[in-house]
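Residue numbers (UniProt numbering): 1 to 230. Cβ atoms here follow ideal geometry from the backbone N, Cα and C, with glycine treated the same way. Everything numeric in this text was worked out from a predicted model, so none of it was measured.
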């Protein structure tokens with residue numbers, strides 16, 4: 001399986017349109033490296049039984065001893081999209097998966113990772129919810145305009161530790177999703193206000209008069225001008 005994966009990866013690597021860089025972001029101990037192990041198992045790099053225990057991406061002695069990620073590391077995974085029974089319509093991608101630290105002391109590693117990536121997998125412990133470092137990594141991903149994928153982890157804690165009923169578990173999950181959406185909504189609103197302030201700062205009365213004369217003919221400028229007045 002490893003040989004087939006390597007052959008497939010080498011074939012895809014020559015086509016930049018089929019390469020995606022994806023990083024895993026989360027608060028410390030929310031399960032980034034465990035998720036990375038599970039994804040590695042899909043490519044046969046580690047066995048399913050070792051996933052979550054091996055911590056393959058934590059490849060330094062200090063990381064293995066402390067049980068946390070301290071340096072970003074990357075591994076290539078082959079991913080095939082679904083097609084018909086004959087394989088028609090499917091595509092093969094090379095996913096460069098970046099596992100980044102979750103501890104605040106290694107935030108610079110996260111900053112470097114998000115600048116290199118096209119998308120981010122944001123892992124949230126469903127019991128702990130959105131934590132301070134979760135907000136930080138969401139902000140970093142938002143600033144780089146990454147496509148975000150939310151993964152709610154440690155679902156078993158709802159049953160084994162909290163002893164929740166199905167309805168209570170559903171409400172807890174919904175609340176965590178709402179927390180993430182609220183953080184992103186705050187960032188969106190802050191961007192709108194900042195862009196509005198910057199646009200107003202670099203306009204003068206002459207420009208405003210010009211906009212007024214153009215408002216009747218351009219709906220886009222009308223919207224832009226009214227946003228400045230608010």
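Euclidean distance between Cα positions of residue i and residue j
i, j, result
"residue 133", "residue 26", "7 Å"
"residue 169", "residue 163", "9 Å"
"residue 126", "residue 140", "21 Å"
"residue 48", "residue 55", "12 Å"
"residue 99", "residue 76", "11 Å"
"residue 209", "residue 180", "Because the pLDDT of residue 209 is 49, which lies under 50, any placement of that residue in the model is unreliable, and the number read from its coordinates should be weighed accordingly. Between residue 209 and residue 180, the C-alpha separation is close to 42 Å."
"residue 62", "residue 104", "17 Å"
"residue 45", "residue 184", "35 Å"
"residue 159", "residue 178", "21 Å"
"residue 171", "residue 129", "12 Å"
"residue 174", "residue 136", "21 Å"
Span of the alpha helix (DSSP H) around residue i
i, result
"residue 135", "132-143"
"residue 116", "107-116"
"residue 35", "32-42"
"residue 159", "156-160"
Rounded distance between the beta-carbons of residue j and residue i, thought under 8 Å
i, j, result
"residue 57", "residue 36", "5 Å"
"residue 114", "residue 101", "The pair is not a contact, with the Cβ atoms about 12 Å apart (cut-off 8 Å)."
"residue 24", "residue 96", "Incorrect: roughly 12 Å between the Cβ atoms, too far for contact."
"residue 21", "residue 138", "Between residue 138 and residue 21 the Cβ distance is about 18 Å, and since that is not below 8 Å, they are no contact."
Residue span of the beta strand (DSSP E) that contains residue i, given as start and end
i, result
"residue 92", "92-99"
"residue 147", "147-153"
"residue 45", "Premise fails: residue 45 is in no beta strand (DSSP E) and is neither H nor E."
"residue 127", "Element bounds for residue 127: n/a, residue is neither H nor E."
Collapsed DSSP secondary structure at residue i in the structure displayed
i, result
"residue 16", "helix"
"residue 197", "helix"
"residue 28", "coil"
"residue 80", "strand"
"residue 174", "helix"
Residue i at chain D interface by Cβ criterion, 7 Å
i, result
"residue 190", "Going by chain labels, chain D is absent from the structure shown, which holds only one protein chain."
Close Cβ partners of residue i (< 6 Å) along its chain, the five nearest in sequence each way excluded
i, result
"residue 149", "121"
"residue 91", "81"
"residue 119", "22, 146, 147"
"residue 79", "93, 95"
Own chain residues within Cβ distance below 7 Å of residue i, not counting five before or after
i, result
"residue 106", "70"
"residue 187", "139, 142"
"residue 131", "27"
"residue 39", "77, 97"
Same chain, Cβ closer than 8 Å to residue i, neighbours up to 5 away in sequence not counted
i, result
"residue 154", "30, 31, 125, 126, 127"
"residue 144", "114, 115, 117"
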